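Protein chains in written order, with my numbering: chain A, 19 to 581; chain B, 21 to 177; chain C, 21 to 216.
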């Protein structure tokens, strides 16, 4: 350090760069403040006696914590483990990136691997190799995307309109949450209604405390669930008021009502909650991934998620985040791969964090692209928001990579926003909920965010929200309300979503509904990537759609624009 | 899509058990589109009876929009044949839970939270699952939890 | 970042008065402090002195004619645990939980632990006015009213800037946890510090 007070003009310029508003901290492996390379992570190893794993990563069974035991007894294939563990980590990594080895070949090995071994495998890989592996290991052939639709004022009218726009722009799943939890029933209804105004078959969820989330799902007010959190150490799991067994039971509870669900976890949560037991963030996340696998859940939302500021602050943190997505896919889980939380003040850094999921494609590239401006995002902001729509579409077009979205002309967007708000007005009237005025509908049609909307009577809304629960309003009542208000196509579409519960087809790995209301999952849309020229590549009508942007100069008449 | 002709026609719905149905994930999934004749609601309705007209006529209740245990067991076989034994096992536990009322499902979940139950309480839940609902897989899961909670000291004191 | 708006410097003295028991007054709100609040730590993540935090919470409660009781929770550093435990000790069933870094929650004893009446998850956004409003609303819940929730503030860039530091603060706070320890009743005194 110089003692001079005088700074160079260049330093001054660099100090002004947004990236310097981001937080960076030193590694501190003793408390788990380290991404994926810690001297305190265990050595891989397994021992089986009489069909039971009696030693896992150097720990005898008597000393297993509850995660070790759950993973040993439910996640790892006892018949495959000793053979799989005998393969050197670097050979498994080679298998992952070799296009001649199929996804199935890899799964035959990974089903027998312990957490420490999975860690050892990805530690041999750089980010490009991980992306190659992810391209092959993603469960569903066709990538998709998920949006957040929330409001800083929990305004249901806004949520309906933004959900409709997001649905039209191509998202296949929509998630909401609340500033004031008690608003949940109204906002969840708004999301459900709005989602069907864009393209049919968009699935919705509302992130809440586990039991409440299940209740809304059982009533058919939401279509699936995601905020079923698991953690990588026993104390933090208990702080979350759950165990692997309670979560496994909850998973079965959802399936018993025909409701799709995935778990949620991510690097950094344990160190964030102060109980990482001195293990690296990625090692603990791998334990979460295997608990999910063992519980028989079809998929996982991971990629640090709400703790992204923690791995984002340490060296190689974003490499670790990619590794967690890869490992979820490596053990045959659906992966909704993060990119859903505000990550950096720097636009360069935001994109760099996004590309490792966007380029190879994942089941849901974002597990929450903010369909609102970030100030309205009640998940505390996303890595990408409504102001990034055009950038996203350009990235897709530049690289010919399918991130699940498309450019939609303004007139169409205004029409669906307006329609969603009117449909919600009808449903609220049908259910005897506080009225939605013409002024609100007009405002929300043209709005960017909640600041552009007239405020609602919050206390009346909260009373009504309670009455939705007390009266036992269900998804069927929303269907009837849509029909009564004259939105018969939306009523049909919502009924089709609800009817999915009866067949259970959406319970399979990586399942989504297409706009034609067909189920697409890892069962009937298995990722068949096998090197250049194979697998999913945007082509045909989809590629033509991706070529359209807000401003493209016409080749026919360069004085005009197309699109 | 080809359909093999050795599939037993379900002229008498409900007689064929899930384990007797010939299932091939590549051919029969998704069931709603490809094998709708196998699907019934727990209330005995066919999936094609769940129409808009029926909803508006008040003939569809929330209970009609639930999955039947037989359907979950079919989906379990599809999961199994797709190489996903854990998912299949989850579907089989779920099949057992279809018989439980919502409140009981929620209350068992809450009982499984850390420090929420004594060992006896968990054992009682397992016994009830088995005797009242024939939910042997779920009962086994709860008993297993009781043992682990005891060893890890996260039972209610 | 929150503007602390603190012009005079107060110091906080917290004297322990033994194990905290359940309250008998139905017109009380309990404030549950985290293990190192006003002790090892003296200010929130954005440097608001703990003395000012507590003063605003107490003022918000007392201006509603409601009695306030302050306890320190030593058994854990999880906000939901602290707030819920405090609510169970509160004669009204209403409590405010607050962590050293400034994260705050209003809880009610009959709710499940992971639910809450109001949660203010972003410590960097908690300023003096917000703490006053939290105190006020807690008191109004205690009186059986249904106040309009304190407007949720949202700075989506707080995470990239503060989250890792918050984690370090939390780890440090957790080092002060005494597993199984009873919550203790606190005597709260404010003193004006010597100027200069």
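We put the beta carbon where it would ideally sit given N, CA and C, even for glycine. Computed from a predicted model, the values in this text were never measured in an experiment.
task = Kindly identify the DSSP beta-bridge partner or partners of residue 352 (chain A).
result = A:317
inquiry  = So, does the region 390-401 of chain A touch the region 341-360 of chain A, judging by three or more C-beta pairs under 8 Å?
reply    = yes
query = So what does DSSP say about residue 125 (chain C), is it helix, strand or coil?
reply = strand
ask   = Residues of chain C with a CB under 8 Å from the CB of residue 229 (chain A): which are they?
value = The contacting residues are 132.
message = Quick check for students: name the residue ranges of the alpha helix (DSSP H) that lie wholly in the region 98-133 of chain B, counting only runs of 4 or more.
response = 105-117, 122-131
request  = Kindly indicate which residue of C:83, C:134, C:99 has the alpha-carbon position closest to the one of residue 229 (chain C).
outcome  = Outside the shown range of chain C (21 to 216) lies residue 229 (chain C), about which nothing can therefore be said.
ask   = How long is the line joining the alpha carbons of residue 103 (chain C) and residue 94 (chain C), rounded to whole angstroms?
value = 12 Å
query = Of the residues that make up the region 493-522 of chain A, which ones have a beta carbon closer than 8 Å to any beta carbon in chain B?
reply = 493, 494, 497, 498, 501, 506, 509, 510, 513, 516, 517, 518, 519, 520, 521, 522
key: Residue interval of the alpha helix (DSSP H) (run including residue 445 (chain A))   = 428-449
request  = Would you please state the rounded distance, in angstroms, between the beta carbons of residue 135 (chain A) and residue 103 (chain A)? I believe it to be under 8 Å.
outcome  = 6 Å
task = Could you pull the start and end residues of the beta strand (DSSP E) that residue 39 (chain C) belongs to?
result = DSSP places residue 39 (chain C) inside the beta strand (DSSP E), whose first and last residues are 30-39.
For residue 60 (chain B), three-class secondary structure by DSSP = Strand at residue 60 (chain B).
query = If you run the structure through DSSP and keep just helix, strand and coil, what is residue 27 (chain A)?
reply = helix
ask   = Any idea if residue 33 (chain B) is buried or exposed, counting beta-carbon neighbours within 10 angstroms, 16 or more meaning buried?
value = Confidence at residue 33 (chain B) is low in this model, with a pLDDT of 45, below 50, so its placement is unreliable and the value that follows should be read with caution. The residue is exposed, with fewer than 16 neighbouring Cβ atoms inside 10 Å.
Backbone CA spacing between residue 38 (chain C) and residue 50 (chain C) [nearest angstrom] = 16 Å
message = For residue 281 (chain A), report the span of its beta strand (DSSP E) as first-last.
response = 278-282
request  = For residue 427 (chain A), count neighbouring C-beta atoms within 10 Å of its own C-beta (all shown protein chains included) and say buried if the count is 16 or more, exposed if not.
outcome  = exposed
request  = With 8 Å as the C-beta to C-beta threshold (strictly closer), list the residues of the region 277-302 of chain A near chain C in chain order.
outcome  = 286, 289, 290, 291, 292, 293
ask   = Using DSSP with H/G/I as helix, E/B as strand and the rest coil, what is residue 65 (chain B)?
value = coil
query = Excluding the five sequence neighbours on either side, which residues of its own chain have a C-beta within less than 7 Å of the C-beta of residue 149 (chain B), listed in chain order?
reply = 155, 158, 159, 162
query = Under a three-way DSSP split, which group does residue 88 (chain C) fall into?
reply = strand
inquiry  = Measuring only the C-alpha atoms, how far is residue 289 (chain A) from residue 252 (chain A)?
reply    = 13 Å
query = Quick one: which chain D residues come within Cβ less than 9 Å of residue 326 (chain A)?
reply = Of the protein chains in this structure, namely A, B and C, none is chain D.
Any chain B beta carbon closer than 7 Å to residue 483 (chain A) = It does not: the Cβ of residue 483 (chain A) has no partner Cβ on chain B nearer than 7 Å.
key: Where the beta strand (DSSP E) through residue 388 (chain A) begins and ends   = 385-388
ask   = Quick one: Cα of residue 487 (chain A) to Cα of residue 203 (chain A), how far?
value = 7 Å
task = Whole angstroms is fine: what's the gap from residue 8 (chain A)'s alpha carbon to residue 245 (chain A)'s?
result = Lying outside 19 to 581, the shown extent of chain A, residue 8 (chain A) is not represented and no answer is given.
ask   = Using CA coordinates, which residue listed in B:81, B:91, B:68 is at the minimum distance from residue 236 (chain A)?
value = Closest in alpha carbon position to residue 236 (chain A), among B:81, B:91, B:68, is B:81.
query = Would you call the CB atoms of residue 213 (chain A) and residue 226 (chain A) closer than 7 Å?
reply = no
query = Closest Cβ-Cβ distance between residue 55 (chain A) and chain C: below 7 Å?
reply = Answer no: the Cβ-Cβ gap between residue 55 (chain A) and chain C never drops below 7 Å.
inquiry  = For residue 59 (chain C) and residue 184 (chain C), what's the separation of their Cα atoms in angstroms?
reply    = 22 Å
key: Closer than 9 Å at the beta carbon, the chain B residues around residue 224 (chain A)   = Neighbours of residue 224 (chain A) on chain B: none; closest Cβ ~17 Å, over 9 Å.
message = Can you look up residue 571 (chain A) in the DSSP assignment and give me helix, strand or coil?
response = strand
inquiry  = Given this structure, state the Cα-to-Cα distance separating residue 74 (chain A) from residue 139 (chain C), to the nearest angstrom.
reply    = 40 Å
request  = Using a Cβ cut-off of 7 Å (strictly closer), state whether residue 158 (chain C) contacts chain A.
outcome  = no
Residue nearest to residue 228 (chain A) in terms of C-alpha spacing, selected from B:141, B:142, B:126 = B:126
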